[in-house]
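Worksheet: one structure, shown below.
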Ligand code: SF4
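Residue numbers (my numbering): 939 to 1147.
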């Protein structure tokens, strides 16, 4: 299992200024775009809004699944591995109808990487639990079943970004996001109780500490 948590490279991020803002890539739905499989933002658009509005960030948003399949769409999930395995041809992305979406998912991931490169992205803030954007947890097989299973690993787009040296943080990584906010706004009061997704009770119960 290849975990993305303890976001690689996060501690090495430079201190941005208003003149030279931090270049951030954000999942489309986290930026409030209605690009989820059901044509909504999954209710995520407000979560990072205070952070993304800071003048010390410059933000690009992108949805690799919307790029690959359009919206609305069936639900892609990884079967038999994680995003790295899909990139290596050792696992497949299937939707709930059994269609093999692997090639298009990889194309969406590559398109996201191109956006990241064009933007010279320094940090990606991506939506966890997604077969494309997941950075802590993904579904293990179809999420459209009564007994949804999970895998502690990364989606296809996240795997490709990580392979290309881009740090990825999920919207559930409260501690890391708090640290980022305080780096950008030194007057922000720290929250000692904030935890990243892999430190939550749910995650530990599911996968262990
Ligand atoms: S692929 Fe990523 S950006 Fe698009 S809806 Fe899913 S989580 Fe959001």
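Idealized CB from N, CA, C, for every residue including glycine.
The structure presented is a predicted model; accordingly, all values stated were derived computationally and were not measured.
Q) So residue 1069 packs on residue 1093, CB below 8 Å; how close in whole Å? A) 5 Å
Q. Is residue 1070 near the ligand SF4, judged by its Cβ being under 8 Å from some heavy atom?
A. yes
Q. The beta strand (DSSP E) with residue 961 in it runs from where to where?
A. 960-965
Q: May I ask which residues mark the beginning and end of the alpha helix (DSSP H) holding residue 1120?
A: 1112-1122
Q | Pair within 9 Å by beta-carbon distance, residue 976 and residue 1010 | A | yes
Q.
Counting C-beta neighbours from all protein chains within 10 Å, is the total for residue 1143 16 or more, i.e. buried, or is it exposed?
A. exposed
Q | Exposure label - residue 1013; buried when at least 16 CB within 10 Å | A | buried
Q: May I ask you to report which of helix, strand or coil DSSP gives residue 1025?
A: helix
(Q) Taking 9 Å as the threshold (C-beta atoms), are residue 1098 and residue 1047 in contact? (A) yes
Q. Using a Cβ-Cβ cut-off of 7 Å (strictly less than) and excluding sequence neighbours within five positions of residue 1040, which residues of its own chain qualify?
A. 1024, 1030, 1031
Q: Work out the CA separation of residue 1083 and residue 1122 for me, nearest whole Å.
A: 42 Å
Q) In whole angstroms, what is the alpha-carbon distance linking residue 973 and residue 1066? A) 15 Å
(Q) With distance defined between alpha-carbon atoms, name the residue in 1015, 1063, 1081, 957 nearest to residue 1073. (A) 1063
(Q) Taking 8 Å as the cut-off, is the C-beta of residue 959 nearer than that to any heavy atom in the ligand SF4? (A) no
Q.
Please classify residue 1114 as buried or exposed, where buried requires at least 16 neighbouring CB atoms within 10 angstroms.
A. buried
**Q.** Contact test: residue 974 Cβ vs the ligand SF4 heavy atom, cutoff 8 Å
**A.** yes
Q. In this structure, does DSSP put residue 1083 in helix, strand or coil?
A. coil
Q.
Measuring only the C-alpha atoms, how far is residue 1128 from residue 1021?
A. 33 Å
Q) In the DSSP assignment, what residue or residues form a beta bridge with residue 1063? A) 964, 1107
(Q) Rounded to whole angstroms, what is the Cα-Cα separation between residue 993 and residue 1036? (A) 44 Å
Q | Burial state of residue 987, where buried means 16 or more other Cβ atoms lie within 10 Å | A | exposed
Q | Cβ pair residue 1138, residue 1104 closer than 9 Å | A | no
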